[in-house]
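Adding 61 to a residue's 1-based position in the sequence shown gives its number in my numbering. By construction, the Cβ of each residue, glycine as well, lies at the ideal position given by its N, Cα and C atoms. Everything on this sheet refers to the single structure shown next.
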Amino acid sequence: MNGRWGSLAVLRVVFAIVLVILSITTLLHAHAVVFETIALTELVGALLLLMPRTVRVGAVTLLVVFAAAITVHLLHGESSVGPLVIDAAVAQVFLRS
Numbered sequence: 062m063n064g065r066w067g068s069l070a071v072l073r074v075v076f077a078i079v080l081v082i083l084s085i086t087t088l089l090h091a092h093a094v095v096f097e098t099i100a101l102t103e104l105v106g107a108l109l110l111l112m113p114r115t116v117r118v119g120a121v122t123l124l125v126v127f128a129a130a131i132t133v134h135l136l137h138g139e140s141s142v143g144p145l146v147i148d149a150a151v152a153q154v155f156l157r158s
């Protein structure tokens with residue numbers, strides 16, 4: 062791994078591992094089906110992101126998850142969606158790489 066592609070690979074793996082941890086934490090503590098569904102789909106997307114052949118499918122899955130999460134937050138009057146927007150931007154990078 063060197064240069065741009067090496068850095069993207071490191072970012073992809075770290076991003077996916079963090080999402081796996083956060084998804085599992087949400088699944089363990091979620092009390093609503095919508096949150097469980099989003100967390101489970103996020104977990105699948107993160108796992109797909111870890112495998113080079115399925116990076117694009119994982120990125121698309123995560124973009125859908127982040128869009129759904131942003132929508133749920135906004136519908137509940139929560140405007141702090143900045144981290145989700147950043148997550149979506151990172152997923153977009155993997156979709157394009």
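| What's the gap between the Cα of residue 108 and the Cα of residue 77? | 7 Å
| field | DSSP state of residue 68 mapped onto helix, strand, coil | value | helix
| query | Quick one: Cα of residue 140 to Cα of residue 71, how far? | reply | 30 Å
| task | Classify residue 172 as helix, strand or coil using the three-state DSSP reduction. | result | Nothing about residue 172 can be read from this structure; the chain reaches only from 62 to 158.
| request: Note the first and the last residue of the continuous alpha helix (DSSP H) segment covering residue 119. | output: 116-136
| request: Measure the alpha-carbon distance for residue 73 versus residue 132 and round it to whole angstroms. | output: Residue 73 and residue 132: Cα-Cα distance of roughly 24 Å.
| query | How is residue 139 classed by DSSP in three states: helix, strand or coil? | reply | coil
| request: With distances taken Cα to Cα, identify the nearest neighbour of residue 67 among 80, 113, 130. | output: 113
| said: Count Cβ pairs between the region 116-125 and the region 89-100 that sit closer than 8 Å; are there 3 or more? | reply: no
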